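A.B. asks: Read left to right, the sequence shown gives residues 243 to 643 (the working numbering).
All C-beta atoms in this analysis are idealised placements derived from N, C-alpha and C, irrespective of residue type, glycine included.
Given the structure is predicted, the values throughout are model-derived calculations rather than measurements.
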Amino acid sequence: QSQSLARECCKHHGRAMAVDEASSLNPVLQPPLPLAVNSAAHCFDVQFHPRQPLLAAATITGAIELHKFDADAGTSELVRSLSSHKDSCRTARFLPAGDSADGSAVHIASASASCFTAVTDVESGKKLWKAKLAAGGNALLPLEPHRFVVGDDDGHIAVYDVRRKQPAVEWAENEDFITDFALGSDHLSLCATSGDGTLAVYDLRKAGTKGLIAMSDFQEDEFLSITIVKDGSKVLCGSQTGILCIFSWGDFGDMNDRIRGHPMSVDAMVKLDEDCVLTGSSDGRIRVVSVFSNIHKNNIIGFLGEHGDSPMERLALSPDKKLVVSASHEQPAIRIWSTEDAYKLRSRKLRRGAPSVAEDDDSDSDDSDDEPQAKKRRKGKRRAPIANAATSAAKNFFSGL
243 QSQSLARECC KHHGRAMAVD EASSLNPVLQ PPLPLAVNSA AHCFDVQFHP RQPLLAAATI
303 TGAIELHKFD ADAGTSELVR SLSSHKDSCR TARFLPAGDS ADGSAVHIAS ASASCFTAVT
363 DVESGKKLWK AKLAAGGNAL LPLEPHRFVV GDDDGHIAVY DVRRKQPAVE WAENEDFITD
423 FALGSDHLSL CATSGDGTLA VYDLRKAGTK GLIAMSDFQE DEFLSITIVK DGSKVLCGSQ
483 TGILCIFSWG DFGDMNDRIR GHPMSVDAMV KLDEDCVLTG SSDGRIRVVS VFSNIHKNNI
543 IGFLGEHGDS PMERLALSPD KKLVVSASHE QPAIRIWSTE DAYKLRSRKL RRGAPSVAED
603 DDSDSDDSDD EPQAKKRRKG KRRAPIANAA TSAAKNFFSG L
């Protein structure tokens with residue numbers, strides 16, 4: 243039955259399929275989206291402009307492409323290409339300019355494989371600021387108009403303030419490439435996932451070892467994506483083997499729940515609301531996943547769309563959360579989807595006895611007849627399981643907040 247569902251999902255691009263519709267093969271909705279956007283080169287990252295119908299795509303050539311789109315008309319146009327880096331631009335994020343009284347000016351912060359991070363003005367294309375990284379940049383998260391954090395291939399993390407060249411805060415606690423960031427609800431705690439198989443939490447106010455609030459035990463799996471849900475109480479980490487690992491805030495020693503069902507690695511993830519996330523996997527599909535939902539519990543509840551068999555690089559939500567954009571390997575590299583289907587799936591009650599997309603999602607057992615097919619990634623140095631001292635310190639730290 244799961245195979246027939248997969249065939250139907252491939253047949254209906256852009257139509258969300260509920261778990262219990264596998265037998266009837268009826269789409270939930272047939273919107274004019276997705277809108278396909280071709281990039282001039284391989285795309286690593288894509289983001290929505292905070293106010294305009296504009297996409298920023300970080301490409302392998304080092305350029306950041308700006309695509310104007312009209313979701314209603316189904317059209318897109320390349321309006322500008324920013325020459326931000328000489329080597330692959332792996333990640334780019336819109337960064338509101340702090341020197342604008344109304345915040346109308348927008349800059350783009352980016353990081354590249356050539357070990358540089360830069361800030362570029364969207365309108366003029368002028369490079370306003372740049373700094374040298376310890377290794378190739380791999381993850382970036384804006385914090386404030388002048389501040390953002392970058393993680394590199396060697397596990398170093400640095401917080402930059404564009405009013406100075408040197409990092410404001412640095413950490414070197416991870417032993418492999420940094421894959422993703424999420425900011426805690428207190429806006430002081432930075433969560434970082436890494437190829438070394440750990441979730442690390444840092445205090446943005448403190449540098450070095452003093453800034454490490456907690457680090458999970460080694461999970462024997464690479465963490466590739468992260469988001470925080472349930473009003474800041476649950477941290478979700480997408481893994482190389484396809485399992486969504488769930489940590490409780492303040493208790494980061496080991497995961498306390500997991501969601502199974504992704505056949506391959508979970509490379510991208512965005513929060514739709516406090517009970518639901520969208521995931522992008524190496525099999526090219528965007529899934530709708532409920533998290534501690536009153537209706538669906540912890541479960542994959544349907545598919546939003548897919549890029550064929552091309553691995554997913556990035557998912558990003560529009561500011562109003564009505565659209566989600568995905569970036570994948572083959573052209574068209576970028577697709578824009580309506581999230582209306584995902585909201586309907588999240589609110590829809592399953593028919594009694596209907597099959598679940600995820601198997602054993604409430605089980606913590608690792609027994610399985612079929613090993614998940616994982617996308618091969620660069621393997622770095624593996625760390626031994628760390629002591630629980632950091633975890634104990636974390637509990638004391640968060641109890642005081």
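Within its chain, find whatever has a CB closer than 8 Å to the CB of residue 357; leave out the 5 residues flanking it on each side and keep chain order.
C.D. replies: So the list reads 374, 375, 376, 377, 378, 379, 394, once near-sequence residues are dropped.
A.B. asks: Going by DSSP, name the residue or residues bridged to residue 289.
C.D. replies: Partner(s): 298.
A.B. asks: Going straight from the alpha carbon of residue 461 to that of residue 421, what length do you get?
C.D. replies: Approximately 15 Å, taken between the alpha carbons.
A.B. asks: Kindly indicate the opening and closing residues of the beta strand (DSSP E) around residue 556.
C.D. replies: Taken as a continuous stretch (DSSP letters only), the beta strand (DSSP E) holding residue 556 covers 554 to 559.
A.B. asks: Please classify residue 546: does DSSP put it in a helix, a strand, or coil?
C.D. replies: DSSP places residue 546 in strand when its eight states are reduced to three.
A.B. asks: I need the straight-line Cα distance from residue 434 to residue 443, nearest angstrom please.
C.D. replies: If you take the alpha carbons of residue 434 and residue 443, they lie about 6 Å apart.
A.B. asks: Quick test of the definition: if touching needs 3 or more C-beta pairs under 8 Å, does the segment 278 to 288 touch the segment 313 to 331?
C.D. replies: They touch, by the three-pair rule.
A.B. asks: If you run the structure through DSSP and keep just helix, strand and coil, what is residue 405?
C.D. replies: Here residue 405 sits in coil by DSSP.
A.B. asks: According to DSSP, is residue 620 part of a helix, a strand, or is it coil?
C.D. replies: Reliability fails at residue 620, whose pLDDT of 44 lies under 50, so the model's placement of it is uncertain and the value that follows must be treated cautiously. Residue 620 falls in the coil class under three-state DSSP.
A.B. asks: Just verifying my parser: in three-state terms, what is the DSSP assignment at residue 451?
C.D. replies: If DSSP states are grouped into helix, strand and coil, residue 451 belongs with the helices.
A.B. asks: Please name the residue in 398, 326, 498 whose C-alpha comes closest to that of residue 367.
C.D. replies: The residue with the shortest Cα to Cα distance from residue 367 is 326.
A.B. asks: If I follow the unbroken beta strand (DSSP E) through residue 422, where does it start and stop?
C.D. replies: Per DSSP, residue 422 belongs to the beta strand (DSSP E) from 420 to 425.
A.B. asks: Out of curiosity, what's the CA-to-CA distance linking residue 359 and residue 400?
C.D. replies: Their Cα atoms are separated by approximately 11 Å.
A.B. asks: Counting along the chain, where does the beta strand (DSSP E) carrying residue 490 start and finish?
C.D. replies: Residue 490 -> beta strand (DSSP E) spans 486 to 490.
A.B. asks: Classify residue 498 as buried or exposed, calling it buried when 16 or more other Cβ atoms lie within 10 Å of its own Cβ.
C.D. replies: The residue is exposed, with fewer than 16 neighbouring Cβ atoms inside 10 Å.
A.B. asks: What residues match up with residue 588 in a beta bridge as DSSP calls it?
C.D. replies: In DSSP, residue 588 forms no bridge with anything.
A.B. asks: Evaluate residue 362 with the Cβ neighbour count: other Cβ atoms within 10 Å of its Cβ, from every protein chain shown; 16 or more gives buried, anything less gives exposed.
C.D. replies: The residue is buried, with at least 16 neighbouring Cβ atoms inside 10 Å.
A.B. asks: Label residue 451 either buried or exposed according to how many other C-beta atoms from any shown protein chain fall within 10 Å of its C-beta, with 16 as the threshold for buried.
C.D. replies: That one is exposed.
A.B. asks: Measure the C-alpha to C-alpha separation of residue 369 and residue 349 and round it to an integer number of angstroms.
C.D. replies: Between residue 369 and residue 349, the C-alpha separation is close to 9 Å.
A.B. asks: Among 413, 437, 546, which one has its Cα closest to the Cα of residue 456?
C.D. replies: Checking every option, the nearest Cα to that of residue 456 belongs to 413.
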